[in-house]
Each structure stands twice: as C-alpha cells, then as structure tokens.
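Participant: This is the structure I want to talk about, given as structure tokens.
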Amino acid sequence: MGKGKIGIILSAPLPEILYNLTVKKVMIYGLDDNQLEKAVTAFDVFHIGTIVIGDDVLDESLAKIMEKDGGFSKRHTEFDLPYMVGQEMTAEEFARYFIVMERFGFKYDGVKILRTEFNENWPIRYLFQATRQSFDVLKEAMVLRDLIQNCESLYASVGEASAMAELKKRTENAKKLLISGQYTGAAVEHAIQELTESLHNFRKLYN
C-alpha cells in the first residue's frame, strides 16, 4: 500500500445483517425504561441504531425523524400501545431482532412497522393510527383462526345433523374469509360471533 493509505483485510465476508450499519435503524415509541433498555441492548447486538421518540414529534414525518440521532422527549401518552419502526431491513430481519429481544427477557407485543417509500413522508401520528387499525384487525383474525380450529375439532363428533351442518358451514365461511386476506374488522367480528353462537349451540345440545 502507498504511504498514507489504510488497508483493511477481512478473513471472511461479513454476514448480510451487518452491512449498511449506518442506515439500519429502529424508531421506538411507548416503552417504559426497563423495556427500553432490553430492546436497545438487543438491537445493539446487531449494531442497529435506535431512536426513542415521544409525543412531541408525532406530527413530524417519519423520514425527517429517521434522519436524526435522537435527543427527543420519551413522554408518551397519546397511544396506548408501543410502536417500533424499522428502516432498511426486511420483515425477516426485523422478526429476527425480536427473537433476540426475548433472550434479553423482553417479549415485545406492540406494533411493528417497516419504513417504505409509501409511508416515509407520512406524519408519525398518522402512520401509527393507520397501522393500529390493521394491527387490531390482525389480532381479531388470530382469534377467529383459533375459533375455527376449535370448531374443526368437533367435526368427528356425533350429533344432530342440522347443528353440525350449521357449524361446518359457518366454519368454512370463516376459513374462506381469512384465506382471502380481504377482510375488515367488522367482517371478522361477525364471523367470530357466528362461530361462537354455533359452537355454543352445538355444545349445549351434546354436553
């Protein structure tokens, strides 16, 4: 090497997850101090930068805040769930970080968002509100999925034909709704109500 130049030799290629260390970043909102410490420690394992925000920057765009290094107030009262927004990472990578987080004693049950070209200019408040709606629908969909499994476990039971027919019909309709991926919170809630009613009627007759 010439004078004044610094050479770095790597004996093996770095894992993909360690590239782009300057741009991979996670914005965090709504954690208490203990949770925050564990979350930041987990992201540090992967050299992922973190920005902790509070209510005072909710009207700023996601892109603008992601350019900062932090220094914001952590006061959070406007949203009752925590939020984390990942930048420059895939959904698979993001999920991997939360597995590591559990090893540090913190299971994150809040909302997870990835920065995209479509949402990066949204005010953070709007981003949280829009994602929360989808998050709530997804939680209801998981309840419906478990209910479907409970109903299917009764298919081999011996019982009155009309009650079983109704149970199977509503169960299959609920399955089609989830498989379609095109459902609203109201549609999921209606399916849950129907299945719960059929399940109750079936067990009332044969228990």
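Using the numbering used here, the letters of the sequence shown map in sequence onto residues 256 to 462.
Where is the CB? At the ideal position from N, CA and C, for every residue including glycine.
Could you tell me the distance, in whole angstroms, from the CA atom of residue 450 to the CA atom of residue 425?
Facilitator: 6 Å
Participant: Rank 309, 352, 291 and 334 by C-alpha distance to the C-alpha of residue 279 and give the top, closest one.
Facilitator: 352
Participant: Evaluate the contact criterion for the segment 379 to 391 versus the segment 327 to 346: three or more CB pairs, one atom per stretch, below 8 Å.
Facilitator: yes
Participant: Which of the three DSSP states is assigned to residue 355 in this structure?
Facilitator: Of the three classes helix, strand and coil, the one that applies to residue 355 here is helix, per DSSP.
Participant: Taking 8 Å as the threshold (C-beta atoms), are residue 283 and residue 312 in contact?
Facilitator: no
Participant: In this structure, what does DSSP give as the bridge partners for residue 280?
Facilitator: 304 and 342
Participant: Return the chain-ordered list of same chain residues with a C-beta closer than 6 Å to the C-beta of residue 367, the five sequence neighbours on each side being excluded.
Facilitator: Here residue 367 has 339 as same chain residues with Cβ atoms under 6 Å from its own Cβ, once five neighbours each way along the sequence are excluded.
Participant: For a quick check, are the C-beta atoms of residue 457 and residue 422 less than 8 Å apart?
Facilitator: yes
Participant: Give me the Cα-Cα distance between residue 314 and residue 379, rounded to the nearest whole angstrom.
Facilitator: 6 Å
Participant: On the three-state DSSP scale, how would you describe residue 286?
Facilitator: coil
Participant: What separation, rounded to the nearest whole angstrom, lies between the Cα atoms of residue 320 and residue 332?
Facilitator: 19 Å
Participant: With H, G and I counted as helix, E and B as strand and the rest as coil, what does DSSP make of residue 328?
Facilitator: coil
Participant: Hey, how far is the Cα of residue 420 from the Cα of residue 298?
Facilitator: 51 Å
Participant: Roughly how far, in whole angstroms, is the beta-carbon of residue 285 from the beta-carbon of residue 365, given that I think they are within contact range, below 8 Å?
Facilitator: 7 Å
Participant: When we look at the beta-carbon of residue 434 and count the other beta-carbons within 10 Å, is it buried (16 or more) or exposed?
Facilitator: Around the CB of residue 434, fewer than 16 other CB atoms lie within 10 Å, so the residue is classed as exposed.
Participant: For the candidate residues 400, 416, 411 and 410, whose alpha-carbon lies nearest to that of residue 446?
Facilitator: Nearest to residue 446 by alpha-carbon distance, out of 400, 416, 411 and 410, is 400.
Participant: Helix, strand or coil for residue 423, going by three-state DSSP, please let me know.
Facilitator: helix
Participant: Excluding five sequence neighbours on each side, which residues of the same chain lie with their C-beta closer than 7 Å to the C-beta of residue 355?
Facilitator: 297 and 300
Participant: Please state the DSSP three-state secondary structure of residue 408.
Facilitator: coil
Participant: Taking 6 Å as the limit between beta carbons, can you name the residues of its chain near residue 438, skipping five residues before and five after?
Facilitator: Within the same chain, residue 438 has close Cβ partners 432.
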